[in-house]
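Read the structure below first, then the notes.
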Ligand code: FSX
Ligand code: SF4
Ligand code: F3S
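Residue numbers (the numbering used here): 213 to 573.
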């Protein structure tokens, strides 16, 4: 793989074993059978690596950091091996005018063919003056680059939906890419930061099948965001049995009980976190004792806060009953088809939560 070293390449020494392992992990995340792994590997090894232009706007750079500098170096290296990264402010060597020339040259040379990755929200208030790079607003840069891309990957909740910058009262008018760009296929990979496996799976899907993966109505690939966290959480049996941590550090918390009452938003959040997990140490927020804060959902800074308070009281469909969270476990409720009922219940909770949203989208 070394002869294919990317133009921006932090460490090209990915081992064959690590390469195959990362492709296998991505295939599993994509829900592909083992038989598809050779196809993925073939696509990843193709000499025709797609050019990627990566723009940074309003954000913390956590998306890049988690992708390239985590304890899963093979995934970061594999990504840098399978793409030709022409412009990425965090890791590129050129700066100033040279960097701007790289962007311009690559965009013109690869017009209609490159993948544009956007990290960070785009401020639109005050003509976009809250975020400027080389004297130009993020809005201007996006408007110039986006129409020339073959596809756009919005990485992170910020570029997907606005993220923390868009939290009420959203002083900079921060928006996600889909709010501003049309006419180019766009996929959102939300999460604050998102799981590198999901990004890798999306890129490999594009290379293998020549199109972006199927998405939900929020633009998220179904392979990664098709299920509620609550539906495949390892603490789910405790929820169903009514065993909850009442506060951090108590008996229930120490014994791995459900974190619903200390604020877990897993019942309202769609993501593959329990399955994909993070880093090579195989953890995710709930596995280490912290509730999900809903970071893959639009407006989660508004709609999922306070983070340490449980979901509000909810109506039980068809019963006219308003239940508090103590009644949420199926044992206490005595609802026969508890799985479906509880999902319907939390679905209503979401619409109640959404009532808090004030931000315009
Ligand atoms: Fe946003 Fe990315 Fe949150 Fe940060 O850069 S999704 S603030 S973790 O990392 O854009
Ligand atoms: Fe898991 Fe949270 Fe659901 Fe409890 S509420 S089962 S901790 S996702
Ligand atoms: Fe985010 Fe919840 Fe996963 S906080 S990382 S979506 S567990």
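Think of the CB as a built atom: it goes at the ideal place given N, C-alpha and C, for glycine as much as any other residue.
Confirm, please, whether the CB-CB distance from residue j to residue i is below 7 Å.
i, j, result
"residue 271", "residue 332", "yes"
"residue 396", "residue 364", "yes"
"residue 503", "residue 475", "yes"
"residue 334", "residue 299", "no"
"residue 261", "residue 234", "no"
"residue 409", "residue 358", "no"
"residue 471", "residue 449", "no"
"residue 403", "residue 507", "yes"
"residue 330", "residue 399", "no"
"residue 202", "residue 346", "The chain is shown only over 213 to 573; residue 202 falls outside these bounds and no answer can be derived."
"residue 350", "residue 384", "no"
"residue 306", "residue 318", "no"
"residue 496", "residue 376", "no"
"residue 505", "residue 473", "no"
"residue 500", "residue 445", "no"
Going by DSSP in three states, residue i sits in which element: helix, strand or coil?
i, result
"residue 441", "helix"
"residue 342", "coil"
"residue 465", "helix"
"residue 523", "coil"
"residue 576", "Outside the displayed range of the chain (213 to 573) lies residue 576, so it cannot be described from this structure."
"residue 448", "helix"
"residue 298", "strand"
"residue 260", "coil"
"residue 471", "coil"
"residue 513", "helix"
"residue 277", "helix"
"residue 253", "helix"
"residue 330", "strand"
"residue 325", "coil"
"residue 530", "Unreliable positioning characterises residue 530 in this predicted model, as indicated by a pLDDT of 49, which lies under 50. The coordinate reading is nonetheless provided below. The answer is coil: DSSP assigns residue 530 none of H, G, I, E or B."
"residue 244", "coil"
"residue 364", "strand"
"residue 379", "coil"
"residue 335", "strand"
"residue 370", "helix"
"residue 430", "coil"
"residue 414", "helix"
"residue 399", "strand"
"residue 348", "strand"
Measure the beta-carbon distance from residue i to residue j and round it to whole angstroms, keeping in mind my assumption that it falls under 8 Å.
i, j, result
"residue 576", "residue 328", "For the chain, the structure presents residues 213 to 573; residue 576 sits outside this window and is missing."
"residue 378", "residue 386", "4 Å"
"residue 406", "residue 368", "6 Å"
"residue 419", "residue 427", "Contact flag wrong, Cβ pair sits at about 17 Å."
"residue 263", "residue 342", "Actually they do not touch by this definition, with Cβ atoms about 29 Å apart."
"residue 279", "residue 291", "7 Å"
"residue 253", "residue 232", "7 Å"
"residue 515", "residue 509", "7 Å"
"residue 447", "residue 464", "That belief does not hold up - the Cβ atoms of residue 447 and residue 464 are roughly 10 Å apart, past 8 Å."
"residue 267", "residue 353", "6 Å"
"residue 479", "residue 523", "7 Å"
Are the C-beta atoms of residue i and some chain B residue less than 7 Å apart?
i, result
"residue 355", "In the structure shown, chain B cannot be found, because there is only a single protein chain."
Is the stretch 481-492 in contact with the stretch 431-440, if contact means three or more CB pairs nearer than 8 Å?
yes
Around the ligand FSX, what residues have a beta-carbon under 6 Å from a heavy atom of it, in chain order?
271, 272, 273, 274, 275, 331, 332, 368, 369, 370, 375, 376, 404, 405
Cβ contact check for the stretch 406-420 and the stretch 232-240: 3 or more pairs under 8 Å
Three or more Cβ pairs closer than 8 Å define a contact, and the stretch 406-420 meets that threshold against the stretch 232-240.
Please list, in chain order, all residues with a C-beta atom less than 7 Å from at least one heavy atom of the ligand SF4.
441, 442, 445, 447, 448, 450, 451, 470, 471, 472, 476, 478, 479, 498, 503, 504
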